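Just so we're aligned: the sequence shown equals residues 42 to 414 in the working numbering.
All residues carry an ideal CB built from backbone N, CA and C; glycine is no exception.
Remember, it's a predicted structure, so these values are computed and weren't measured experimentally.
Below you'll find the structure, written out as structure tokens, and then a few comments.
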Amino acid sequence: MPSTQVPYFSFRNFPVGIDQQVEEAVLRAVRGQQYILGEEVSVFESEFAAYVQADTAIGVGNGYDALVVALKAVGIGAGDEVIVPANTFIATVNAVVQVGAIPVLAEPDRHTCNLTAAGATEHITPRTKAIIPVHLYGQACEMTSILRLAEQHDLTIVEDFAQAQGARYKGRPVGSFGRISATSFYPTKNLGALGDGGAVVTSDPALAAFAEMYHNYGQQQKYHNQLVGINSRLDTLLAAALRIKLQHLDALNSDRQRLAQVYLHALQGIGDLVLPVTAPDCTHVYHIFHIRTKQRNALQLYLTEQGIQTAIHYPVPVHLQEAYTWLGHKRGSFPVAEELAEMSLSLPLFPGMSETEQKAVLAAIHTFFERHG
Ligand SMILES: *Cc1c(COP(=O)(O)O)cnc(C)c1O
Numbered sequence: 042m043p044s045t046q047v048p049y050f051s052f053r054n055f056p057v058g059i060d061q062q063v064e065e066a067v068l069r070a071v072r073g074q075q076y077i078l079g080e081e082v083s084v085f086e087s088e089f090a091a092y093v094q095a096d097t098a099i100g101v102g103n104g105y106d107a108l109v110v111a112l113k114a115v116g117i118g119a120g121d122e123v124i125v126p127a128n129t130f131i132a133t134v135n136a137v138v139q140v141g142a143i144p145v146l147a148e149p150d151r152h153t154c155n156l157t158a159a160g161a162t163e164h165i166t167p168r169t170k171a172i173i174p175v176h177l178y179g180q181a182c183e184m185t186s187i188l189r190l191a192e193q194h195d196l197t198i199v200e201d202f203a204q205a206q207g208a209r210y211k212g213r214p215v216g217s218f219g220r221i222s223a224t225s226f227y228p229t230k231n232l233g234a235l236g237d238g239g240a241v242v243t244s245d246p247a248l249a250a251f252a253e254m255y256h257n258y259g260q261q262q263k264y265h266n267q268l269v270g271i272n273s274r275l276d277t278l279l280a281a282a283l284r285i286k287l288q289h290l291d292a293l294n295s296d297r298q299r300l301a302q303v304y305l306h307a308l309q310g311i312g313d314l315v316l317p318v319t320a321p322d323c324t325h326v327y328h329i330f331h332i333r334t335k336q337r338n339a340l341q342l343y344l345t346e347q348g349i350q351t352a353i354h355y356p357v358p359v360h361l362q363e364a365y366t367w368l369g370h371k372r373g374s375f376p377v378a379e380e381l382a383e384m385s386l387s388l389p390l391f392p393g394m395s396e397t398e399q400k401a402v403l404a405a406i407h408t409f410f411e412r413h414g
């Protein structure tokens with residue numbers, strides 16, 4: 042009989058007391074009766090911008106909308122090509138299509154799994170307008186070479202840091218490198234809300250002014266519309282909760298990093314396991330603890346039988362999704378992304394995960410490889 046049930050992700054009262062703080066903040070916002078925008082949202086926006094070391098943050102309805110608003114702000118539209126990593130979450134790619142542009146997939150680095158300048162270079166054409174470095178799994182992309190490439194070809198960098206709030210590159214927070222950046226506050230993200238939420242971040246006043254209008258019907262002031270915008274706003278109740286979570290983000294990330302170190306140490310040299318690699322100058326906040334093995338499916342099945350939940354990020358790479366057959370790629374077009382889809386497994390990791398839970402995961406993995414070589 043399996044002894045310890047381990048969820049892939051679970052909300053825990055970590056750091057101790059955070060649940061009560063969040064509940065009190067939400068209650069305060071409920072009683073404030075300012076349900077749309079208002080002070081709670083604008084204060085969170087300022088605090089989040091300060092955290093990212095950017096001038097302005099604009100709360101929006103979710104991470105996908107944040108990407109759409111960001112792409113619109115920098116003028117990406119019909120016929121433009123935007124380079125995205127072939128192994129990203131589908132939202133990054135869909136946002137490019139949503140603004141009328143063409144997503145151009147690039148292979149990630151086989152070690153860090155992130156987009157690199159080397160991977161992006163070969164896809165640059167006269168129509169390329171932007172690159173979206175996605176700080177996947179929680180690790181910062183190597184930004185110096187990506188920024189240099191963008192400068193050489195006059196391209197715009199739009200960061201997707203939905204998986205990496207709090208990660209840094211050369212000491213600077215991700216989200217502060219692009220002309221504009223997008224993030225998500227989906228509940229299980231490192232900075233998670235109590236529902237869908239997201240933000241656009243920039244230090245360019247013109248882009249900030251555009252985003253500020255565009256996400257709220259294009260209005261400059263109430264009922265005075267300067268452009269045809271959308272409705273995508275961060276809810277006041279969620280902003281109240283996010284203000285508390287943001288105060289604890291570094292502590293939440295530290296716990297993820299501590300758990301990751303335990304995994305990294307204990308899984309060294311087991312079977313054919315490939316463990317996460319952190320590139321020089323990059324930090325990793327382990328949104329996902331991602332391992333690779335040729336026996337992925339068997340390992341996942343075994344762990345499930347032992348009561349241990351895992352996940353796969355992501356089982357089907359973008360170019361093999363039915364929704365993207367029109368891009369004209371086939372199996373074999375992106376070998377690294379395809380190998381990742383076949384070999385990747387994400388282990389349980391969340392702030393407040395107990396030692397007992399982590400030991401159960403490690404014991405099960407050890408047993409599996411003792412039996413399966
Ligand atoms: C979660 C995520 C998004 C989208 O966020 P939503 O809030 O779910 O719309 C975009 N990009 C990446 C890399 C993500 O992980």
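Item	Value
Could you tell me which residues DSSP puts in a beta bridge with P214?	R209
Could you give the distance in angstroms between the alpha-carbon of G79 and the alpha-carbon of T277?	7 Å
In whole angstroms, what separates the C-alpha of Y175 from that of A181?	Note on residue identity: the sequence assigns Val, not Tyr, to residue 175. Whole-angstrom Cα-Cα distance: 8 Å.
When you compare only the Cα positions, how much space is there between L344 and T397?	15 Å
Taking 6 Å as the limit, tell me which residues put their C-beta closer than that to any heavy atom of ligand 1, in chain order.	N103, G104, Y105, T129, F130, A132, T133, V175, D201, A203, Q204, S225, Y227, D237 and G239
Tell me D276's beta-bridge partners as DSSP assigns them.	I77
Mapping DSSP to helix, strand and coil, what is D201?	strand
Is the Cβ-Cβ distance between F410 and L275 less than 9 Å?	no
When you compare the CB positions of Q350 and V125, do they come within less than 9 Å of one another, or not?	no
Three or more C-beta pairs under 8 Å: does that hold for the stretch 53-72 against the stretch 355-369?	no
My output table needs one value for K170: the three-state DSSP class, helix, strand or coil.	strand
To test your reading of the DSSP string, which unbroken beta strand (DSSP E) runs of 3 or more residues are found completely within the stretch 102-182?	122-126, 143-147 and 169-172
Assess contact between the stretch 118-133 and the stretch 267-274, defined as three or more Cβ pairs (one per stretch) separated by less than 8 Å. Is contact present?	no
Could you please give the first and the last residue of the uninterrupted alpha helix (DSSP H) stretch that includes Q341?	R337 to E346
For L112, which of A161, V199 and A159 has the nearest alpha-carbon?	V199
Going straight from the alpha carbon of T229 to that of D237, what length do you get?	10 Å
Measuring straight from C-alpha to C-alpha, what distance separates I406 and S44?	15 Å
For the stretch 243-261 and the stretch 195-215, state whether three or more C-beta atom pairs, one from each stretch, are separated by less than 8 Å.	no
Assign F251 to one of three DSSP states: helix, strand, or coil.	helix
For the beta strand (DSSP E) that contains H331, what are its first and last residues?	F330 to R333
Return the CA-CA distance between A250 and A401, expressed in angstroms with no decimal places.	50 Å
Return the first residue and the last residue of the alpha helix (DSSP H) that T408 is part of.	E396 to H413
Alpha carbon to alpha carbon, what distance is there between P149 and G160?	6 Å
Buried or exposed for A292, please, with buried defined as at least 16 other CB atoms from any protein chain shown within 10 angstroms of its CB.	exposed
Can you say whether I329 is buried or exposed, counting buried as having 16 or more other CB atoms within 10 angstroms of its CB?	buried
Do the stretch 91-106 and the stretch 132-145 make contact, defined as three or more Cβ pairs closer than 8 Å?	yes
Less than 9 Å between the beta carbons of H152 and V318, yes or no?	yes
Would you kindly report the start and end of the unbroken beta strand (DSSP E) that includes S387?	S385 to L388
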